[in-house]
Amino acid sequence: MKIKEYYRASSLEEAYSKLQEDPSNALVAGGLWIKKVNQNHNTLIDLSTLGLNKISEKSDAVEVGALVTLRDFESSPIVNSLYGGAIAFAIREIMGVNFRNLATIGGSIMGRYPFSDVITGLLPYDVTLEFYPKSSMTLEEYLNYKGKLNAILTKVIIKKEEGKGFYKKVKTTALDFPILNIAVSKVSNKFSIAVGARPMTGALAHKAMDLLNNKKVISDKDIEEASELVSKELMFLDNKDASKEYRLDLAKVYVKRGLKEVSK
Amino acid sequence: MKVTFYLNNTLVSYDVEPGEYLAQTLRKHGVKSIKVGCNESTCGSCTLLLDDKPVMSCSVLTASIEGKKVTTVEGIQQEAAKIASYFSKEGADQCGFCNVGYALVIYQLKKDYKNPTDEEIKNYIVGNLCRCSGLQSQMNAIKAYLKEGK
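Dropping the structure here:
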C-alpha cells in the first residue's frame, strides 16, 4: 500500500473537498480494511478530530457517531439497553477487544462487507444513516444503493422502540468471519429477519417477514413456513468456508430459533 | 511527516511515512518488545495500549496517533513481571511470543473490570492467540493474577 499524504481534516467541509480532489483519495476510519485491501491512495483523510466518536441518547433514538469504535459501541450501556442487548451482542461477536478498539461503526457500514456482523446485526431495526453533505437514508436503502456514495457518513441513528432481538453468528473459530449470520427481531409486534454472509452482504427477508406480519397469531407452522421462505427468497452460494446447502440448512434452523426466541 | 505522541509517558517525535504502521515505527525505534505475528489484525501478538485501550499495533497507522498515549510492556514492567510469574506457575509460558501482548491485555482487563466473569475474561482475551498451549493454563494464570490484592 502506497500513501502519499495523510491529511487531518479540521472540518467535514474540508474533508469532503479533499475527497473530491482525487479518485484515489480515501477516508480513514479504523484503518483496518485499508490495510487488508492494500490499494494505493494519494491521500488518506483522517476524521478523528471532528467529534464523530460520540454516542448520545435522544428521546426516541440513539445517535452513534460514525467513528465510534465497535468496542465503545458494544460496551455502551445505552446500546446495551436497546432490544434486550441484541445489537450489542452481535457486535461483541466480532474478533477480539484489541480489534474492536480500532474498527468503527461507520467504516463497517460504508464498506458493505459481505461478512459484516454490524450490517446484519443492525438491519432488523429502524436504522437511518446521516451523511455530509446533508442527506440521509435507511441502512437498507444504503445497502441497495448502486455504486459508490459520494458522501461522508457522520451518524447512525437507531430508533428506540420496545422489542426483542436475536443474533447468531455461525463461525468455525472465535476469530473467523461468519459462515452465516442471522438477526431476527420483534419490534412493535412486527417481525424482521436479516441474513448475511450467504456469502453476500446482509439483506432482509421481506417475503418471510410479510407472511408473519400479516397474521394476528403466529403458530409453529407459520414459523416453519417463514424459515422455508427465507431460504427461497434470499440467495445462498458456496465459497471456501461453506457450501450453499450447508448455509441453507443453517439459515432455516436459526431463523426458526430466532423467531421462537423473540416470540417468547 | 512528523508524528508526536507519548511513548510510556515520554514525549517522542518521529518522522514516519504516511502509510507506516505503529508496530513498524516502534520496532524501527528500538521497541523490540512489539512482536509482529500475522501482521493482519488477527493474532494479537503486536498488542499495545493506545490511550489505555488494547489495540493491534500492526494495524494502527502511526500518522493517526498524534498526541496520543502509547503504552508498551516497558511501561508496565512491574505488573508484567507479576503476570509472567503467574504464567510460569501455571505452565502457560511456552515459546513466549504471545506473552507481551497477553501481559498488556491482562493488565488493562484488571483495570477495566472489578470482578470479571469467565465469559468476560474470554471475551477480552480472545483476540490474543497462543499457538503453543490450549489456553486453559492462561485462564488459570489470569484468574490468579486478577485475584491478587483482593
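Protein chains in written order, with my numbering: chain X, 2 to 265; chain R, 2 to 151. Beta carbons are placed, not taken as given, at the ideal position from N, Cα and C, and that holds for glycine.
With three or more C-beta pairs closer than 8 Å as the rule, is the stretch 98-117 of chain X touching the stretch 18-32 of chain X? yes
Closer than 8 Å, CB to CB, is Y7(X) near chain R or not? Numbered from 1 along the first sequence, position 6 holds the residue referred to as residue 7(X). Yes - at least one Cβ of chain R is within 8 Å of the one on Y7(X).
Thinking just about the alpha-carbon of each residue, which of L45(X), N43(X), R9(X), D73(X) is nearest to the one in E67(R)? Numbered from 1 along the second sequence, position 66 holds the residue referred to as residue 67(R). Per the Cα distances, R9(X).
Among E149(R), E91(R), S58(R), which has the Cα closest to the Cα of L136(R)? On the second sequence, position 135 is the one that residue 136(R) refers to. Comparing Cα positions, the closest option is E91(R).
When A27(X), L205(X), D211(X) are compared against K5(X), the one with the closest alpha-carbon: Looking up residue 5(X) in the first sequence gives position 4. Of A27(X), L205(X), D211(X), the residue nearest in Cα terms is A27(X).
State the Cα-Cα distance for the pair D16(R) and D127(X), rounded to the nearest angstrom. Residue mapping note: residue 16(R) aligns to position 15 of the second sequence, counting from 1. Residue mapping note: residue 127(X) aligns to position 126 of the first sequence, counting from 1. In a straight line, the C-alpha of D16(R) is about 46 Å away from that of D127(X).
So M96(X) and G128(R) are supposed to be a Cβ contact under 8 Å. How far apart are they, rounded? The sequence position of residue 96(X) within the first sequence is 95, counting from 1. The sequence position of residue 128(R) within the second sequence is 127, counting from 1. So it is a contact: roughly 6 Å between Cβ atoms.
Can you tell me whether T26(R) is buried or exposed, with buried defined as 16 or more other CB within 10 angstroms of its CB? Translated into positions along the second sequence, residue 26(R) becomes position 25. Answer is buried; the Cβ neighbour count reaches 16.
Length at least 3, wholly inside the stretch 130-203 of chain X: the beta strand (DSSP E) runs in chain order: 136-139, 153-160, 164-171, 181-188, 191-197
L12(R): buried (16+ other C-beta within 10 angstroms of its C-beta) or exposed? By 1-based counting over the second sequence, the position of residue 12(R) is 11. Under this definition L12(R) is an exposed residue.
So for K55(X), helix, strand or coil by DSSP? Your numbering for residue 55(X) matches position 54 in the first sequence. DSSP places K55(X) in coil when its eight states are reduced to three.
Please check if any C-beta of chain R sits within less than 8 Å of the C-beta of G32(X). One-based indexing of the first sequence puts residue 32(X) at position 31. So, interface residue.
Can you tell me whether H30(R) is helix, strand or coil according to DSSP? Locating residue 30(R) in the second sequence gives position 29, where the first residue counts as 1. If DSSP states are grouped into helix, strand and coil, H30(R) belongs with coil.
Quick check: E141(X) and L235(X), are their CB atoms within less than 8 Å of each other? As a position in the first sequence, residue 141(X) is number 140, starting the count at 1. As a position in the first sequence, residue 235(X) is number 234, starting the count at 1. Not closer than 8 Å, so no.
Closest Cβ-Cβ distance between V188(X) and chain C: below 8 Å? No chain C appears in this structure, whose protein chains are X and R.
Please state if the CB of K169(X) and the CB of G1(X) are separated by a distance shorter than 8 Å. Absent from the model: residue 1(X). The displayed extent of chain X is 2 to 265, so no value can be given.
Within 10 angstroms of its Cβ, does Y84(X) collect 16 or more other Cβ (buried), or is it exposed? Position 83 of the first sequence, counting from 1, holds the residue named residue 84(X). It counts as buried.
Distance between beta carbons of A87(X) and F167(X), contact taken as under 8 Å: Locating residue 167(X) in the first sequence gives position 166, where the first residue counts as 1. Locating residue 87(X) in the first sequence gives position 86, where the first residue counts as 1. Right, the Cβ-Cβ distance comes to about 6 Å (below 8 Å), so this counts as a contact.
Residues in the stretch 82-106 of chain X having any Cβ partner in chain R nearer than 7 Å: R93, M96, G97, V98, N99, F100, N102, L103
If contact means a Cβ-Cβ distance below 7 Å, which residues of the stretch 91-110 of chain R contact chain X? V106
In three-state terms, what does DSSP make of E41(R)? Position 40 of the second sequence, counted from the start, is the residue given in the question as residue 41(R). Coil.
Can you tell me the Cα-Cα spacing of V196(X) and N240(X), whole angstroms? Along the first sequence, one-based indexing puts residue 196(X) at 195. Along the first sequence, one-based indexing puts residue 240(X) at 239. For V196(X) and N240(X), the distance between alpha carbons rounds to 16 Å.
Based on Cα-Cα distance, which residue from V4(R), F6(R), T73(R) lies nearest to V101(R)? Locating residue 101(R) in the second sequence gives position 100, counting from the first residue. Minimum Cα distance to V101(R) is reached at T73(R).
Strictly below 7 Å CB to CB, what residues from chain X border S152(R)? Missing from the structure shown is residue 152(R); chain R here goes from 2 to 151 and no further.
For T43(R), decide whether its Cβ has a neighbour in chain X, counting only Cβ atoms nearer than 8 Å. Within the second sequence, the letter at position 42 stands for residue 43(R). Yes, T43(R) lies at the interface with chain X (some Cβ there is under 8 Å from its Cβ).
Measure the beta-carbon distance from V106(R) to T48(R) and round it to whole angstroms, keeping in mind my assumption that it falls under 8 Å. For this step, residue 106(R) is matched to residue 105 along the second sequence. For this step, residue 48(R) is matched to residue 47 along the second sequence. Yes, V106(R) and T48(R) are in contact; Cβ-Cβ is about 6 Å, under 8 Å.
Less than 8 Å separating the beta-carbons of L181(X) and V171(X)? As a first step, residue 181(X) must be located in the first sequence, where it is residue number 180. As a first step, residue 171(X) must be located in the first sequence, where it is residue number 170. Contact flag set, yes.
Could you run through the stretch 47-58 of chain X and flag, in chain order, every residue whose CB is less than 7 Å away from some CB of chain R? D47, S49
Specify whether the stretch 222-231 of chain X and the stretch 244-261 of chain X touch according to this definition: at least 3 beta carbon pairs, one from each stretch, less than 8 Å apart. yes
From the DSSP output, read off the bridge partner residues of M57(R). In the second sequence, residue 57(R) corresponds to position 56, counting from 1. For M57(R), which the question treats as bridged, DSSP gives the partners T48(R).
Which of the three DSSP states, helix, strand or coil, is assigned to S134(R)? Position 133 of the second sequence, counted from the first residue, corresponds to residue 134(R). Of the three classes helix, strand and coil, the one that applies to S134(R) here is coil, per DSSP.
Distance check for L23(R) and H30(R), CA to CA, integer angstroms please. Indexing the second sequence from 1 puts residue 30(R) at position 29. Indexing the second sequence from 1 puts residue 23(R) at position 22. Cα to Cα, H30(R) sits roughly 11 Å from L23(R).
Using a C-beta cutoff of 8 Å, does A64(R) count as contacting chain X? For the purposes of this step, residue 64(R) is taken as the residue at position 63 of the second sequence. Cβ-Cβ to chain X under 8 Å: yes for A64(R).
Are there three or more Cβ pairs, one per stretch, closer than 8 Å when the stretch 149-160 of chain X is compared with the stretch 63-78 of chain X? yes
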